[in-house]
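J.: Residues in the sequence shown are numbered consecutively from 4, following the numbering used here.
Ideal Cβ positions, reconstructed from N, Cα and C, are used throughout, including at glycine.
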Amino acid sequence: KKGLAYSVFSDTSVGFHDSSWDFGGQVNLDTSAGLFDIIVRELKAVVSGKVTEEELDAAKSYALGRHQMGAQTVSQISGFYTSRYFGDGVVKDYDKVPDAIRRITRDRMLATAREFIAHNTWALAGVSSGEKNEIVALNDKLESIFSHEG
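1) In whole angstroms, give me the CA-to-CA distance for G37 and T85.
2) Which two residues bound the contiguous beta strand (DSSP E) that contains S16?
3) Please return the same chain residues whose Cβ sits closer than 8 Å to the Cβ of A140, not counting the five positions on each side in sequence.
4) Helix or strand or just coil, what does DSSP make of D25?
5) Can you tell me which of L7, M72 and S23 puts its alpha carbon nearest to the alpha carbon of D14?
6) From this set, N142, N136 and A121, which residue's C-alpha is nearest L127's C-alpha?
7) S150 by DSSP, collapsed to three states: which one?
8) Identify every run of the alpha helix (DSSP H) within the segment 94 to 153, keeping only runs that are complete inside it and at least 4 residues long; order them along the chain.
9) Pick helix, strand or coil for G37, following the three-state DSSP scheme.
10) Measuring straight from C-alpha to C-alpha, what distance separates F26 and G92?
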C-alpha cells in the first residue's frame with residue numbers, strides 16, 4: 004500500500020524567552036498536499052475547541068510515557084535537570100512531573116494552543132526537488148490557520 008507520509012511528528016519546547024509548537028516529517032511531494040490538509044484540519048479543530056476529554060487523556064498518557072522514557076540514559080537525565088538549572092538555578096523535581104501532566108485540563112490545553120495561533124509567528128521550511136510554487140501552495144494551506152477568514 005502507498006502511505007501518505009514516511010514520518011510525521013509534533014513536539015513542543017519551552018524556553019526562558021520563547022516557546023514552540025513544532026510539526027515535522029518526511030513526505031513525498033505528490034502526497035504532501037493531503038498531509039497538509041490533515042494538519043490544517045486538525046489544528047483548526049483544536050483551535051475551535053473540538054477536542055474531547057478522551058483525546059486529552061490519550062495525549063496525557065503519551066506525555067507520561069514520554070517523560071518516563073526520557074530518563075533512560077545519563078544524557079537524558081542530565082538534560083532534564085540542566086535545561087532549567089543553568090538558566091535560573093532551579094532544580095526541577097522529576098517526581099512531580101507526572102502529577103503536573105495529570106492536572107492539565109482541556110481548557111488550559113485549548114488556551115495554550117490558541118495562544119500559539121494568536122501570535123501568528125510561524126515558519127514553513129521544506130527540502131524538495133520540486134518547484135517553489137509547490138512549497139508556496141503548502142505554505143498557503145498553513146497560513147489559513149492563522150487568518151481570521153480560514
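T.: Per the coordinate set shown:
1) Cα-Cα distance, rounded: 40 Å.
2) Bounds of the beta strand (DSSP E) holding S16 are S10 to V17.
3) A36
4) It is a strand residue.
5) S23
6) N142
7) In the displayed model, S150 falls within coil according to three-state DSSP, outside both helix and strand.
8) 100 to 105, 109 to 121 and 135 to 149
9) Look at G37 here: in three-state DSSP terms it is helix.
10) 30 Å
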